[in-house]
Amino acid sequence: MTPARVRFAPSPTGALHIGGLRTALYNYLLARQTGGTMILRIEDTDQTRFVPGAEDYIIKSLEWAGINIDEGPVQGGNKGPYRQSERKEIYKQFTDQLLKEGKAYYAFDSEAELEAMRERLRASGASGQQYDQSTRMQMVNSLTLSAEETARRIAEGKFVIRMKVESGKKVVLNDLIRGTVEFDSAQVDDKVLMKSDGMPTYHLANVVDDHLMEITHVIRGEEWLPSAPLHVLLYEAFGWSQSMPSFAHLPLLLKPDGNGKLSKRDADQLGFPIFPLDWTDPRTGETARGYKESGYLPDALINFLAFLGWNPGTDQEIFSMEQLIASFSLERISKSGARFDIHKAQWFNQQYIRMRSAGELARWLQSQCAQKSIPCSEEKAEKIASVLKERITFPSDLWNAGEFFFTPPTQFDLGVVSKKKTPQTEKVLDKYAIELSDKPRISDADAQALLEKVCLEEGIKTGQVLQLLRVCLTGAAGGPDLMPSISILGGIECRARINSALLKFKS
RNA sequence: GCUCCGUUCGUCUAGGGGUUAGGACAUCAGAUUUUCAUUCUGGUAACACGGGUUCGAUUCCCGUACGGAGUACCA
Numbered sequence: 006m007t008p009a010r011v012r013f014a015p016s017p018t019g020a021l022h023i024g025g026l027r028t029a030l031y032n033y034l035l036a037r038q039t040g041g042t043m044i045l046r047i048e049d050t051d052q053t054r055f056v057p058g059a060e061d062y063i064i065k066s067l068e069w070a071g072i073n074i075d076e077g078p079v080q081g082g083n084k085g086p087y088r089q090s091e092r093k094e095i096y097k098q099f100t101d102q103l104l105k106e107g108k109a110y111y112a113f114d115s116e117a118e119l120e121a122m123r124e125r126l127r128a129s130g131a132s133g134q135q136y137d138q139s140t141r142m143q144m145v146n147s148l149t150l151s152a153e154e155t156a157r158r159i160a161e162g163k164f165v166i167r168m169k170v171e172s173g174k175k176v177v178l179n180d181l182i183r184g185t186v187e188f189d190s191a192q193v194d195d196k197v198l199m200k201s202d203g204m205p206t207y208h209l210a211n212v213v214d215d216h217l218m219e220i221t222h223v224i225r226g227e228e229w230l231p232s233a234p235l236h237v238l239l240y241e242a243f244g245w246s247q248s249m250p251s252f253a254h255l256p257l258l259l260k261p262d263g264n265g266k267l268s269k270r271d272a273d274q275l276g277f278p279i280f281p282l283d284w285t286d287p288r289t290g291e292t293a294r295g296y297k298e299s300g301y302l303p304d305a306l307i308n309f310l311a312f313l314g315w316n317p318g319t320d321q322e323i324f325s326m327e328q329l330i331a332s333f334s335l336e337r338i339s340k341s342g343a344r345f346d347i348h349k350a351q352w353f354n355q356q357y358i359r360m361r362s363a364g365e366l367a368r369w370l371q372s373q374c375a376q377k378s379i380p381c382s383e384e385k386a387e388k389i390a391s392v393l394k395e396r397i398t399f400p401s402d403l404w405n406a407g408e409f410f411f412t413p414p415t416q417f418d419l420g421v422v423s424k425k426k427t428p429q430t431e432k433v434l435d436k437y438a439i440e441l442s443d444k445p446r447i448s449d450a451d452a453q454a455l456l457e458k459v460c461l462e463e464g465i466k467t468g469q470v471l472q473l474l475r476v477c478l479t480g481a482a483g484g485p486d487l488m489p490s491i492s493i494l495g496g497i498e499c500r501a502r503i504n505s506a507l508l509k510f511k512s
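The first sequence begins at 6 in this note's numbering and counts up one residue at a time.
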């Protein structure tokens, strides 16, 4: 396999969207699989949309997700710089070349003039309202103005450079996911290549950089497919057709319900994260919760994301990053958009939590306790973790489901109480409490044997008191196995809880 | 409007001219757990529609419908 050079090229206009993370992942998988190079390129050519902190956020998010960058603004590399704003001079050379060869031209139209053109076209019932070969000669540009006038306007410094797209050409794109896609160059417009502030547009910058950085595969979202013919034309114009990268346009991530692509709004409404990490928008001060902070494990999220649009063709679903790298292939990416389903993400998380060691879960619990200033020994944390392990989806559930190990219940399931509390069961629990009172440490088996003994003396089955006992101890009707719980709590604590609960039930 | 892309259970998908159309999530039922969860077993549930091509089409072709994307001096 020839080593692939791929890039993830976000623009620092905000937090990294979960769909962007998937795009980065697919790029990364191909890079690692082929022993190639993963490049991060910051596409910050729109100065008006620049958001401070966004670049740093993107880098931290990728790092958390386990997507390691080989070349980028932080790591450097010999094809840099990796921020497009720092490559301004490079782009100028290339537009100059196109200008000289007559493949691009200067345009001076104001925004109002452009709008007027579109309005005119709409009114006339034309099929499109593009600045293209059919309209360019009616516009204010170096094609329609005299050489002197053009020179004067250029000297004023207010101009854009547009691609001069020839009509009547068939543009063929061989997409790795979609196969051959054909376009008619007549419907490609004369896109702006260089903006009036001297910055390139995405179209120019992307082609120039991909060429200069020797990118072999452009793996990006499907939203780029319509502008792909322009990019192909640009490669041709520069004479780079032979070394043009392969394209793979990824299916989009769609809303869980309704129509359209997944947006932050949907996530907010349905209550799930859309960003990898917590993000505070510096403009609005608004904070959005991240996957990390919501308790998703990075490898679980990655596994989930990998399967949204790709599958290995086998029944295996749990894949580590290494396994994904080994099995991944662009050919097995599906063509249609994938609805985003947070339930599946939760299921993956649950699976990954179970694969963690009791020790690791214990450390999570200990840190949660520490935050609440509740002491928790390693031994206790580990015991709790092992009884709770199969029952949780997020690390925070350790506390939610195990709080009763630290604080006696204040609320009790009254349904169980009214159903199970009889003079007889009360008496059993009373006696059980006394038996427990001199046993600070007690094993599961002993707790069980003791209960059976008391029940036998009172002539009832253990099953008749078990649930009432659980409510006394934990307050709830359901929960982890009772005997191990008693062992964790210890005899003294259990006795106290039984007594106080029984007292409460009397009133 | 125009251009491009797409369409298999509710969801993610496998499959592919002749299959009992497979798996996973979700859901329902039963078993286990004298609780809940887990686990196990089983169930419900899909080839958008219409024309071709063919002995035969869910699979290939063409339309239609529906969905999506793009249509900026944003990426």
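Glycine is no exception: its CB is placed at the ideal position from the N, C-alpha and C atoms.
Remember, predicted model here, so these are calculated numbers, not experimental data.
(message) On the CB-based measure, 16 or more other CB atoms within 10 Å of its CB, does residue 79 come out buried or exposed?
(response) Burial is judged here by how many other beta carbons sit within 10 angstroms of a residue's own beta carbon; residue 79 has fewer than 16 and is exposed.
(message) Taking the alpha helix (DSSP H) that residue 99 belongs to, which residues open and close that run?
(response) Residues 93-105.
(message) Within the continuous beta strand (DSSP E) that includes residue 255, where are the two ends?
(response) Run containing residue 255: 251-255, per the beta strand (DSSP E) assignment.
(message) If contact is defined by three or more beta carbon pairs under 8 angstroms, each pair taking one atom from either stretch, is the region 38-48 in contact with the region 184-202?
(response) Output reads no: the region 38-48 does not touch the region 184-202.
(request) Could you spell out where the beta strand (DSSP E) holding residue 167 opens and where it closes? (result) From DSSP, the beta strand (DSSP E) with residue 167 extends over 165-168.
(request) May I ask you to verify whether the region 233-253 touches the region 172-180, counting CB pairs closer than 8 angstroms and requiring at least 3? (result) At 8 angstroms Cβ cutoff, the stretches touch.
(request) Sort 27, 19, 422 by Cα distance to residue 53 and report the nearest one. (result) Nearest of 27, 19, 422 to residue 53, Cα basis: 19.
(request) Closer than 7 angstroms by C-beta to residue 144: which residues in its own chain qualify, once you throw out the five before and the five after it? Chain order, please. (result) Excluding its 5 nearest sequence neighbours in each direction, residue 144 has C-beta neighbours in its own chain below 7 angstroms: 112, 114, 122, 136, listed in chain order.
(message) Do residue 260 and residue 273 have their beta-carbon atoms positioned less than 7 angstroms apart in this structure?
(response) Not in contact: residue 273 and residue 260 (Cβ atoms no closer than 7 angstroms).
(message) Suppose only complete runs of 4+ residues qualify. What are the alpha helix (DSSP H) ranges in the region 229-303, listed by chain order?
(response) Entirely contained in the region 229-303, the alpha helix (DSSP H) runs reaching 4 residues are, in chain order, 233-243, 269-275.
(message) Is the beta carbon of residue 66 closer than 7 angstroms to that of residue 282?
(response) Yes, the Cβ-Cβ distance between residue 282 and residue 66 is below 7 angstroms.
(request) Taking residue 43 as part of the alpha helix (DSSP H), name the residues at either end of that continuous run. (result) Where residue 43 is concerned, there is no enclosing alpha helix (DSSP H), although the beta strand (DSSP E) it sits in stretches over 42-45.
(message) Quick check: what's the CA-CA separation for residue 31 versus residue 224?
(response) Straight-line spacing of the CA atoms in residue 31 and residue 224 works out to 8 angstroms.
(request) Look at the alpha carbon of residue 3 and the alpha carbon of residue 160, and state the distance between them as a whole number of angstroms. (result) With the chain represented from 6 up to 512, any question about residue 3 goes unanswered, as that position is not in the structure.
(request) Would you check if the region 448-459 and the region 475-491 touch, i.e. whether three or more CB-CB distances between them fall below 8 angstroms? (result) With the cut-off at 8 angstroms, the region 475-491 and the region 448-459 touch.
(request) Can you have a look at residue 60 and say buried or exposed, based on whether 16 or more other CB atoms are within 10 angstroms of its CB? (result) Burial check for residue 60: the Cβ neighbour count within 10 Å reaches 16 or more, so the residue is buried.
(request) Answer yes or no: do residue 210 and residue 102 have a C-beta to C-beta separation smaller than 7 angstroms? (result) Taking 7 angstroms as the Cβ cut-off, residue 210 and residue 102 do not qualify as a contacting pair.
(request) May I have the straight-line CA-CA distance separating residue 529 from residue 466, to the nearest angstrom? (result) Nothing in the structure corresponds to residue 529, since the chain is present only between 6 and 512.
(request) Enumerate in chain order the residues of its own chain whose CB-to-CB distance from residue 100 is below 8 angstroms, with the five nearest sequence positions on each side excluded. (result) Counting only Cβ-Cβ distances below 8 angstroms, and skipping sequence neighbours, we find 109, 166, 198, 199, 205, 209.
(request) Determine contact between the region 461-478 and the region 348-366, defined as no fewer than three beta-carbon pairs at a distance below 8 angstroms. (result) The region 461-478, when compared against the region 348-366, does not touch it at the 8 angstroms Cβ threshold.
(request) For residue 427, name the three-state secondary structure that DSSP assigns. (result) Residue 427 carries a coil assignment under DSSP once its states are collapsed to helix, strand and coil.
(message) Does the contact criterion of 3 or more C-beta pairs under 8 angstroms hold for the region 293-313 versus the region 387-406?
(response) Yes: the two stretches touch, three or more of their Cβ pairs being nearer than 8 angstroms.
(request) Would you mind sorting residue 375 into buried or exposed? The rule is 16 or more other CB atoms within 10 Å of its CB. (result) That one is exposed.
(request) With a 10 Å radius around its C-beta and 16 neighbouring C-beta atoms as the bar for buried, classify residue 98 as buried or exposed. (result) Flag for residue 98 reads exposed.
(message) Quick check on the DSSP output: what are the complete alpha helix (DSSP H) runs of length 4 or more inside the region 440-494, in order along the chain?
(response) Counting only runs of 4 or more, we get 449-463, 467-479, 487-494.
(request) Verify whether the separation of the beta carbon atoms of residue 70 and residue 413 is less than 7 angstroms. (result) Their beta carbons are not under 7 angstroms apart, which means residue 70 does not touch residue 413 by this criterion.
(message) For the structure I just gave you, are there three or more beta carbon pairs, one from the region 471-479 and one from the region 424-434, closer than 8 angstroms?
(response) Yes, since at least three Cβ pairs between the region 471-479 and the region 424-434 fall closer than 8 angstroms, the two stretches touch.
(message) Using a Cβ-Cβ cutoff of less than 7 angstroms, which residues in the same chain neighbour residue 410 once the five nearest sequence positions on both sides are dropped?
(response) 389, 493, 494, listed in sequence order.
(message) Assuming the contact rule is C-beta atoms closer than 8 angstroms, residue 11 and residue 216 should be a hit. Round their C-beta distance to whole Å, please.
(response) Between residue 216 and residue 11 the Cβ distance is about 14 angstroms, and since that is not below 8 angstroms, they are no contact.
(request) Report yes if the C-beta distance between residue 238 and residue 345 is below 7 angstroms; otherwise report no. (result) No.
(message) Using a Cβ-based criterion (distance less than 6 angstroms to any ligand heavy atom), does residue 365 qualify as near the ligand COA?
(response) No copy of the ligand COA occurs in the structure displayed, which carries no ligand at all.
(request) Label residue 169 either buried or exposed according to how many other C-beta atoms from any shown protein chain fall within 10 Å of its C-beta, with 16 as the threshold for buried. (result) Around the C-beta of residue 169, 16 or more other C-beta atoms lie within 10 Å, and the residue is accordingly described as buried.
(request) Using 10 angstroms around the beta-carbon of residue 57, count the other beta-carbons present and answer buried if the total reaches 16, otherwise exposed. (result) It counts as exposed.
(message) What residue range does the beta strand (DSSP E) around residue 184 cover?
(response) According to the DSSP assignment, residue 184 belongs to the beta strand (DSSP E) that extends over 184-189.
(request) Count the other CB atoms, across all protein chains shown, that sit within 10 Å of the CB of residue 63; report buried if there are 16 or more and exposed otherwise. (result) With 16 or more other Cβ atoms within 10 Å, it is buried.
(request) Tell me, please, which residues DSSP counts as bridged to residue 148. (result) The partner list for residue 148 (beta bridge, DSSP) is empty, contrary to what the question assumes.
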